[in-house]
Amino acid sequence: MSGGPYCRPKHWRRNTVAMFGVFLICIPIAMKSAELEV
């Protein structure tokens, strides 16, 4: 993901919020998929 248009220093706050949102969305999905696989 590094090197994209959101890596400019003045967008660091928005980028951090975006990464946090991605984690909040992806962690439950990953846990559910892990439960389905096991």
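Counting from 5, one number per residue, gives the positions in the sequence shown under this note's numbering.
Every residue, glycine too, gets a C-beta built ideally from N, C-alpha and C.
Could you check whether the Cβ of Ile31 sits closer than 8 Å to any Cβ belonging to chain D? You won't find chain D in this structure, because it holds only one protein chain.
Sequence-distant residues of the same chain with beta carbon closer than 8 Å to Ile29, five excluded per side: none
Between the C-alpha atoms of Val42 and Ala34, what's the straight-line distance to the nearest angstrom? Rounded to the nearest angstrom, the two C-alpha atoms are 12 Å apart.
Simplified DSSP state of Val42, which is helix, strand or coil: coil
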